[in-house]
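Worksheet: one structure, shown below.
Chains as they are written, first to last, in this note's numbering: chain A, 224 to 570; chain B, 224 to 570.
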C-alpha cells in the first residue's frame, strides 16, 4: 500500500512517519527542493499542476491525499479520475475560498462571524484565497480604512470582529463507513497571528458542541480522513472561524498525547483501516518553534519534552518544529511548559 | 549530526525513526539487501568487516553504534580509532561470548546460573558464540546426553538449570557524564524459545534490585547508551541470564508506553544530549509478531493497539513486527492483549 500526498512539508513528513510502522509507503508531490518529507518519503519533484508529476503520483499510489488546501482543484479532480482522493476535491475547493467556506459553514447551520457588505465596523478585510498565519489581513475601524483595505487586497472579503473568550479547535476523523472519532478540543493561543500553543483539555465544556459542528461538516461533505474546525468560544456559543481539510497544527499534541495521532488516524481512514482511540492519555500541550531553532540540548533537559523538528531552513515567522510537553498532572505540565517557552523564545 | 549504526535490522529502523524528529540522520552498514532500516536511513551495503564500508561509515557519521552484538570486534575497534563508538568494542566483545559474559557478571558481583565443568545435571549446553532465540542450545539430563551435546555444539558451554518464578529484564541508559535512567522492569514470556510478550509493571518488587545490577554493569564497563540484562526471578533473588549491549526486544513497549522510548534514549545518550523520562505512562504490553503477518485491519480494530511492522519477508520463527497495547487500566489491558494474541496466533 502506498499513499500519495500532494505537498511535502511538515504535515506530509509526520504523515509518512506515522505510516512507516504500519508498513505503508508514502510518496509526496512537491516542487520545493529538499522538503521536510524528503527524508521519510519518496519525492516526485514537480509543481502541483505538472501533468507528468500528477500521472506519476496516480500511477504509483493507491490512494491520494493533501497536506495543504492551496492545491489546484483541477489537479485533484484529475487524480480523482484515477485513484480515490481524500478529502474530496470539492471539499478542498470549499476551504480554499473564505467566502465559499463561510457559506458552507452557514449552510450546515454553523454560526460564523458576520461577513459580506453589511458587516458592521470594526471589521477585518481578508483575501478570499491564500493567506495563512494572519497574512493577507487588514483591520478597519472606519469607512475610509475599510475602502483602503478592500482596494489593497486581491479578492477581498469583509468579516466582522467576534468577541470571544478563547480560540479552540476540534479535530475529527471519519472513515468511509461513516465511523467518527473526535479528539478532545484544544485551546489555541496565537502570537503575532501565528499559532503559539495548543492545549487539549479533558471534558472541555465545549466538547459536545464542537463535536456536533464537526459531525455536521463531515456528514454534509462526506469527508474521509482528518479535518479541523477552528472556533471562537463566545457568550453565545461556538462561532466557526475556519476549516482545514487535513491534519492541523493544533492537533500535533496527538502524536505524544493520544493513543492514535491525527497523522496515523488520517492514514488509517484513507487506507480503509479501522480508526483508533482519540483519547487524551496525559495532560499535554504543544508549543510551536517559529523563526529560529532553539538549542536542542536545553529543550531535551526538560522532563516530558518531545521534540519534533521539521528540518526546514530557518526564516522569520516560519514554523520550524514543535515541542509537545506531557506530564502526569496539570501543575507539572504548566511548570514544564513555562521552561520550554523560555528556551524557545528567550525573554 | 549523523549516527552510524552497524546493522540495518528492525532495531536500526526504530533507532532511525526515533532520530528523525530530533533532526538527526542515520546511516546503517548492512550487507542484506532491502533491510528494515532502508526506508528511513541511508544504507551502506557492505559486510560488517568490509574496509571500504567501514571507512564510509566513519567518514560520514559523527558517532557509531550497533544494533546487534554479532559484529566483528576488529571492525568496531577500527571505527573507534576514527569516531566515538558506543557501546565500547570491549563491552560488545564481552556479550559475544557466553563464557566471558558470565565471568563479567560474576566479577561484577552478580549471580548467574552455575556454569563450567562442575555444573550439576540437568544442565543446558549452549554454544559460546552466536545463537539467539533459543537456537544452538541442548538440554542434558544424563552424562551421555551431556557428552553428546558437548560434542555436537561448537565452542560449548555448560550451564546449570535455574528454577525461577518468571523471567524479567531491566533496560537502562547511561550518558557519558554518568547520568543513569532505568525503565520499569518487564516480565517476559517466551514461546518456543522466542520472546512472545513483555509486560512492564510499576513498582515491581524486583525493581530496585534489578537497577542495582544494571548500575554495576554500566559503571564497570563505562557504558554509554542503552543496555539490557535478562534476569530470572528466583527464591534467592535475581539471577542474571544474559546481557545485551543495545536496545532490546523486551523494551519495545517504551515507544508507546514511556515518555522516552529506548530508541530515542539511546540516540540522546550517544549524541551527548540529555536523557529523558523513563517512566511508564499507562499499563501496556508488547506482543511479538513471529513467522507470519497477521491481518492489519483486525489488529487495528482493537482499541489501544500500536502496530510496528518491520517490513521483513515472512519466514518461520522470524520476528516480523510487534504490537504494543496500551490501556487506562490493567483489566482493559488484559482484555485487549487477549484479543491481540488471538489475531496474531489464531487458536
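Just so it is clear, CB atoms sit at the ideal spot from N, CA and C, and this is done for glycine as well.
Non-local beta-carbon contacts of residue 487 of chain B in its own chain, meaning distances under 7 Å to residues more than five positions away in sequence, involve 241, 499 in chain order. Closer than 9 Å at the C-beta level to chain B, one finds no residue of the segment 406-417 of chain A.
When the beta-carbon positions are compared, residue 462 of chain B and residue 566 of chain B stay at least 8 Å from each other. Pairing residue 392 of chain A with residue 434 of chain A, the inter-Cα distance amounts to about 10 Å. Per DSSP, the continuous beta strand (DSSP E) segment holding residue 419 of chain B begins and ends at 417-423. Contact of residue 532 of chain A with chain B is assigned, a C-beta pair being separated by under 8 Å.
Taking C-beta separations shorter than 6 Å and ignoring five residues to either side along the sequence, the partners of residue 473 of chain B in its chain run 392, 409, 411, 421, following chain order. Neighbourhood of residue 523 of chain A in chain B, by CB distance below 7 Å: 491, 496, 497, 499, in chain order. Collapsing the DSSP output to three states places residue 411 of chain B in a strand. Within the model, the alpha-carbon separation for residue 289 of chain B versus residue 442 of chain A is close to 51 Å. Using a Cβ-Cβ cut-off of 8 Å, residue 257 of chain A does not count as an interface residue toward chain B, since no Cβ of chain B sits closer than that to its own.
In this structure, the beta-carbon distance from residue 266 of chain A to residue 286 of chain A does not fall below 8 Å.
Taking all protein chains shown into account, residue 540 of chain A has fewer than 16 neighbouring C-beta atoms within 10 Å of its C-beta and is therefore exposed.
Within 10 angstroms of the beta-carbon of residue 425 of chain A lie fewer than 16 other beta-carbons, which makes it exposed. Using a Cβ-Cβ cut-off of 8 Å, residue 240 of chain A counts as an interface residue toward chain B, since at least one Cβ of chain B sits closer than that to its own. Chain-ordered, the chain B residues with CB closer than 7 Å to the CB of residue 263 of chain A read 243, 263. Segment contact: the segment 292-310 of chain B against the segment 464-484 of chain B, three or more CB-CB distances shorter than 8 Å; contact assigned. Identification of chain B residues near residue 250 of chain A by a Cβ-Cβ cut-off of 8 Å yields none; the smallest Cβ-Cβ distance measures about 12 Å.
Among the CB atoms of chain B, one or more fall inside 8 Å of the CB of residue 520 of chain A.
DSSP places residue 540 of chain B in the coil class of the three-state scheme, outside both helix and strand. Interface residue (Cβ-Cβ distance to chain A less than 8 Å): residue 526 of chain B is classified as such. According to DSSP, residue 352 of chain A shares a beta bridge with A/320. In the same chain as residue 432 of chain B, and ignoring 5 residues on each side of it, the C-beta atoms closer than 8 Å to its own belong to 460, 461, in chain order. Using a Cβ-Cβ cut-off of 8 Å, residue 246 of chain B counts as an interface residue toward chain A, since at least one Cβ of chain A sits closer than that to its own. DSSP places residue 534 of chain B outside both helix and strand once states are collapsed to three, so it counts as coil.
Residue 393 of chain B is bridged by DSSP to B/452. When the five nearest sequence neighbours on each side are left out, the beta carbons in the same chain lying within less than 8 Å of the beta carbon of residue 324 of chain A are those of 317, 318, 465, 466, in order along the chain. Going by C-alpha positions, residue 312 of chain B is about 16 Å away from residue 399 of chain B. Not a single CB atom of chain A sits nearer than 8 Å to the CB of residue 288 of chain B.
Contacts with chain B at 8 Å (Cβ-Cβ) do not include residue 559 of chain A. Residues of the segment 533-552 of chain B with a C-beta atom less than 7 Å from some C-beta of chain A are 534, 549, listed in chain order. When the five nearest sequence neighbours on each side are left out, the beta carbons in the same chain lying within less than 7 Å of the beta carbon of residue 322 of chain A are those of 351, 380, in order along the chain. Under the Cβ criterion (8 Å, minimum of three pairs), the segment 231-249 of chain B counts as touching the segment 530-537 of chain B. C-alpha of residue 445 of chain A to C-alpha of residue 489 of chain A: approximately 15 Å in a straight line.
The alpha carbon of residue 479 of chain B has as its nearest neighbour, out of B/491, B/501, B/497, B/496, the alpha carbon of B/501. Neighbourhood of residue 505 of chain B in chain A, by CB distance below 7 Å: 504, in chain order.
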